[in-house]
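So the sequence shown is numbered by the numbering used here: it starts at 508 and just counts up by one. Just so it is clear, CB atoms sit at the ideal spot from N, CA and C, and this is done for glycine as well. Worksheet for the structure shown next.
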Amino acid sequence: MNYQSTRNAELKASSTAAVLKGLAQDGGLFVTRAYEGFDWQGTLKLDTFGMAEKILGTLLPDFEDMHALVQRAYTGKFETDELTPVVPVGERYVLELFRGPTSAFKDVALSMLPQLITAARRQEGVSDEILILTATSGDTGKAALAGFCDVPGTKIIVFYPDAGVSAVQKAQMVTQEGSNVCVCAVRGNFDDTQTGVKQIFSKGLPEGCGVRLSSANSINIGRLAPQVVYYFKAYADLLKQGRISLGDKVDYVVPTGNFGDILAGYLAKRMGLPVGKLVCASNRNDVLTDFLKTGTYDRRRPFYKTISPSMDILVSSNLERLLYLLCENEAEVAGYMKQLSEVGAYTVSSEMLEKLHAEFGWGCCDDEKTKQTIGKVWREHGYLMDTHTAVAWNVAEGYESDAPVVVLSTASPYKFPAAVLSAIGGDTDGDEFTIMERLHELTKVPVPQGLATLRRKQVRHTDVIDREEMQQYVLNKASAWKEA
Numbered sequence: 508m509n510y511q512s513t514r515n516a517e518l519k520a521s522s523t524a525a526v527l528k529g530l531a532q533d534g535g536l537f538v539t540r541a542y543e544g545f546d547w548q549g550t551l552k553l554d555t556f557g558m559a560e561k562i563l564g565t566l567l568p569d570f571e572d573m574h575a576l577v578q579r580a581y582t583g584k585f586e587t588d589e590l591t592p593v594v595p596v597g598e599r600y601v602l603e604l605f606r607g608p609t610s611a612f613k614d615v616a617l618s619m620l621p622q623l624i625t626a627a628r629r630q631e632g633v634s635d636e637i638l639i640l641t642a643t644s645g646d647t648g649k650a651a652l653a654g655f656c657d658v659p660g661t662k663i664i665v666f667y668p669d670a671g672v673s674a675v676q677k678a679q680m681v682t683q684e685g686s687n688v689c690v691c692a693v694r695g696n697f698d699d700t701q702t703g704v705k706q707i708f709s710k711g712l713p714e715g716c717g718v719r720l721s722s723a724n725s726i727n728i729g730r731l732a733p734q735v736v737y738y739f740k741a742y743a744d745l746l747k748q749g750r751i752s753l754g755d756k757v758d759y760v761v762p763t764g765n766f767g768d769i770l771a772g773y774l775a776k777r778m779g780l781p782v783g784k785l786v787c788a789s790n791r792n793d794v795l796t797d798f799l800k801t802g803t804y805d806r807r808r809p810f811y812k813t814i815s816p817s818m819d820i821l822v823s824s825n826l827e828r829l830l831y832l833l834c835e836n837e838a839e840v841a842g843y844m845k846q847l848s849e850v851g852a853y854t855v856s857s858e859m860l861e862k863l864h865a866e867f868g869w870g871c872c873d874d875e876k877t878k879q880t881i882g883k884v885w886r887e888h889g890y891l892m893d894t895h896t897a898v899a900w901n902v903a904e905g906y907e908s909d910a911p912v913v914v915l916s917t918a919s920p921y922k923f924p925a926a927v928l929s930a931i932g933g934d935t936d937g938d939e940f941t942i943m944e945r946l947h948e949l950t951k952v953p954v955p956q957g958l959a960t961l962r963r964k965q966v967r968h969t970d971v972i973d974r975e976e977m978q979q980y981v982l983n984k985a986s987a988w989k990e991a
């Protein structure tokens with residue numbers, strides 16, 4: 508039982524149970540510190556699949572055959588068995604996390620999570636079906652749907668904010684096939700959608716309904732753990748290329764909204780990887796930048812719709828894990844979360860702020876600077892990046908470091924074709940699929956196959972509801988699936 512809630516040390520779970528539950532009973536997130544003695548140097552010598560097996564076997568030690576799970580998760584699904592290649596761009600490096608089946612960084616984790624869920628269900632002796640509930644700001648939804656499509660013993664419902672994702676992201680979700688999948692828009696923004704999902708977890712489903720809830724969001728440790736792997740992989744690539752020597756520190760600049768992607772880097776550092784600074788890059792919704800700078804987290808601010816919609820978030824769930832890992836005091840964390848829920852803000856202790864400043868950098872970038880960055884990088888380096896990666900690149904440009912800098916690239920530019928084409932001076936008349944074709948004609952950058960065929964796919968999911976209807980919607984779907 509090496510996992511516990513961030514809010515109550517008495518609420519413990521094995522790694523299999525933690526993955527199956529997703530969220531602790533008190534609303535806290537499952538966390539562990541039991542990875543001392545991990546051989547980080549030996550891990551860097553392994554190939555990508557071996558690296559994943561070693562890291563996941565350490566973070567999730569109760570799974571019986573991690574080798575088989577990793578093989579099933581990744582074999583043949585990505586453009587390369589390297590999964591996440593590192594590409595030099597100017598004086599920096601780009602870690603391309605979008606070479607998976609849905610062209611987003613979420614594929615790394617959400618190819619693995621269905622394997623973990625089904626294995627945990629078997630090992631825990633659970634006969635109920637697992638209902639995956641997910642709130643998405645754009646990329647998680649499609650990656651989760653693709654990962655769980657027709658996986659035995661599971662159903663999945665994805666909620667996304669109506670008018671809060673790109674046209675391509677929406678098309679990816681609403682055309683998803685599969686007898687066990689459901690997609691529904693929620694009137695409001697991502698925070699409304701994520702809050703609704705958390706409330707459903709808090710209330711639970713009626714006993715005897717034959718279904719158990721779990722999550723594909725990064726609140727689930729099974730979603731977060733696979734993301735640790737690509738930090739090791741990036742470091743190993745720089746070693747192989749002779750860019751660094753073993754033990755040299757590497758800085759990572761990470762575009763993030765829910766704090767999961769950058770937290771994976773902090774876990775890698777705690778496991779021994781020589782990570783220098785982790786630089787948090789925010790868009791105009793800069794709640795994380797303000798928090799890291801001042802120690803005050805305040806969600807009571809305007810919400811902006813930006814051209815980097817996957818970062819349009821004001822309540823960053825994974826930050827709770829970081830707070831616990833820094834203070835190792837569940838009562839302190841529970842207090843902060845109570846203040847956030849009741850007041851909308853909290854301020855960490857001076858000791859906590861000092862620790863934050865020692866580990867993290869920060870910066871933010873508005874839409875205009877994001878577009879300027881896309882255009883500049885294309886003109887100067889011939890490298891085309893999406894709107895989220897551009898936020899990170901812009902922040903990296905203003906960040907001084909003596910260490911090599913790796914910018915995490917989170918999505919294909921073709922997921923946000925209108926914004927990207929506009930940034931490099933192209934004509935953006937027409938729908939997003941016409942714009943996608945025009946972007947390809949102008950840049951000759953290949954369109955990922957899964958995006959190129961979207962236009963011809965049938966729309967299968969059209970439901971739109973209010974946040975207050977989400978609980979009943981889930982109950983109705985669970986009942987319909989049971990009767991089918």
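#1: Using a Cβ-Cβ cut-off of 8 angstroms (strictly less than) and excluding sequence neighbours within five positions of residue 520, which residues of its own chain qualify?
#2: What do you get for residue 965, buried or exposed, if any count of 16 or more other CB atoms within 10 angstroms of its CB means buried?
#3: Got a sec? Which residues, its chain only, sit under 6 angstroms from residue 535 by beta carbon, not counting five neighbours each side?
#4: Can you name, in chain order, every residue of its own chain whose Cβ lies under 7 angstroms from the Cβ of residue 892, other than the five neighbours on each side?
#5: Measuring alpha carbon to alpha carbon, tell me which residue in 918, 779 and 968 is nearest residue 607.
#6: Based on the DSSP secondary-structure assignment, which residues constitute the bridge partners of residue 641?
#7: Are the Cβ atoms of residue 788 and residue 762 separated by less than 8 angstroms?
#8: Can you check DSSP and say which residues form a bridge with residue 973?
#9: Check each candidate in 518, 963, 712 and 799 and name the one with the smallest Cα separation from residue 864.
#10: In its own chain, which residues sit with a C-beta less than 6 angstroms from the C-beta of residue 973, not counting the 5 before and 5 after it?
#11: Using the Cβ count rule (16 or more neighbours within 10 Å means buried), how would you classify residue 552?
#12: Quick one: complete beta strand (DSSP E) runs, 3+ long, within the stretch 697 to 771?
#13: Which first and last residues belong to the alpha helix (DSSP H) in which residue 857 is found?
#14: How is residue 810 classed by DSSP in three states: helix, strand or coil?
#15: Please go through the same chain and pick out, in chain order, the residues whose beta-carbon is closer than 7 angstroms to the beta-carbon of residue 955, but skip the five residues on each side of it.
#16: Check whether the Cβ of residue 865 lies closer than 8 angstroms to any Cβ atom in chain C.
#17: Mind checking which residues open and close the alpha helix (DSSP H) that includes residue 924?
#18: Report buried or exposed for residue 567, applying the criterion of at least 16 other Cβ atoms within 10 angstroms of its Cβ.
#19: For the beta strand (DSSP E) containing residue 683, name the first residue and the last one.
#20: From the DSSP output, read off the bridge partner residues of residue 594.
#21: I think residue 523 touches residue 630, with their Cβ atoms under 8 angstroms apart; what is that distance to the nearest whole Å?
#22: Using a Cβ distance threshold of 8 angstroms, determine whether the stretch 898 to 914 contacts the stretch 942 to 960, with at least three qualifying pairs required.
#23: Report the option in 989, 744, 619 and 738 whose CA atom is closest to the CA atom of residue 574.
#24: So within the stretch 819 to 856, which uninterrupted beta strand (DSSP E) runs reach at least 3 residues, ignoring any that extend past its ends?
Here's the rundown:
#1: Here residue 520 refers to the residue found at position 13 when the sequence shown is read from its first residue. 508, 510, 511, 528, 531 and 537, listed in sequence order.
#2: Along the sequence shown, read from residue 1 onward, the residue named residue 965 stands at position 458. Answer is exposed; the Cβ neighbour count stays below 16.
#3: Against the sequence shown, residue 535 aligns to sequence position 28. By the criterion of a C-beta distance shorter than 6 angstroms, residue 535 is surrounded in its chain by 512, 513 and 514, once the five residues flanking it on both sides are discounted.
#4: Counted from its first residue, the sequence shown places residue 892 at position 385. Excluding positions up to five away in sequence, the list reads 881, 884, 900, 916 and 920.
#5: As a working mapping, residue 607 is identified with position 100 in the sequence shown. Of 918, 779 and 968, the residue nearest in Cα terms is 918.
#6: Mapped onto the sequence shown, residue 641 falls at position 134. For residue 641, which the question treats as bridged, DSSP gives the partners 665.
#7: As a working note, residue 788 is residue 281 in the sequence shown. As a working note, residue 762 is residue 255 in the sequence shown. Going by C-beta atoms, residue 788 is nearer than 8 angstroms to residue 762.
#8: For the purposes of this step, residue 973 is taken as the residue at position 466 of the sequence shown. According to DSSP, residue 973 shares a beta bridge with 694.
#9: Within the sequence shown, residue 864 is the residue found at index 357, counting from 1. Ranked by how close their Cα comes to the Cα of residue 864, the residues 518, 963, 712 and 799 have 799 in first place.
#10: Position 466 of the sequence shown, counting from 1, holds the residue named residue 973. Hits under 6 angstroms: 694.
#11: On the sequence shown, position 45 is the one that residue 552 refers to. By the 16-neighbour rule on beta-carbons within 10 angstroms, residue 552 is exposed.
#12: You should have 718 to 722 and 757 to 762.
#13: Residue mapping note: residue 857 aligns to position 350 of the sequence shown, counting from 1. Residues 857 to 866.
#14: Locating residue 810 in the sequence shown gives position 303, where the first residue counts as 1. When secondary structure is reduced to three states using DSSP, residue 810 falls in the coil class, being assigned neither helix nor strand.
#15: As a first step, residue 955 is located in the sequence shown; it is residue number 448 there, counting from the start. Taking C-beta separations shorter than 7 angstroms and ignoring five residues to either side along the sequence, the partners of residue 955 in its chain run 610, 919 and 921, following chain order.
#16: In the displayed structure, chain C is absent; only one protein chain is listed.
#17: Position 417 of the sequence shown, counted from the start, is the residue given in the question as residue 924. Under the DSSP assignment, residue 924 falls in the alpha helix (DSSP H) whose first and last residues are 924 to 930.
#18: Position 60 of the sequence shown, counting from 1, holds the residue named residue 567. Looking at its Cβ environment, which holds 16 or more other Cβ atoms inside 10 Å, residue 567 is buried.
#19: Taking the first residue of the sequence shown as 1, we reach residue 683 at position 176. Careful: residue 683 lies outside any beta strand (DSSP E) and carries neither H nor E.
#20: In the sequence shown, residue 594 corresponds to position 87, counting from 1. In the DSSP output, where bridge partners are listed per residue, residue 594 has 601.
#21: Reading the sequence shown from its first residue, position 16 is the one you call residue 523. Reading the sequence shown from its first residue, position 123 is the one you call residue 630. That pair is a contact at about 5 angstroms.
#22: A contact between stretches requires three or more CB pairs, one per stretch, nearer than 8 angstroms, and the stretch 898 to 914 fails this requirement with the stretch 942 to 960.
#23: Residue mapping note: residue 574 aligns to position 67 of the sequence shown, counting from 1. The residue from 989, 744, 619 and 738 with its alpha-carbon nearest to that of residue 574 is 619.
#24: Whole beta strand (DSSP E) segments, 3+ residues: 852 to 854.
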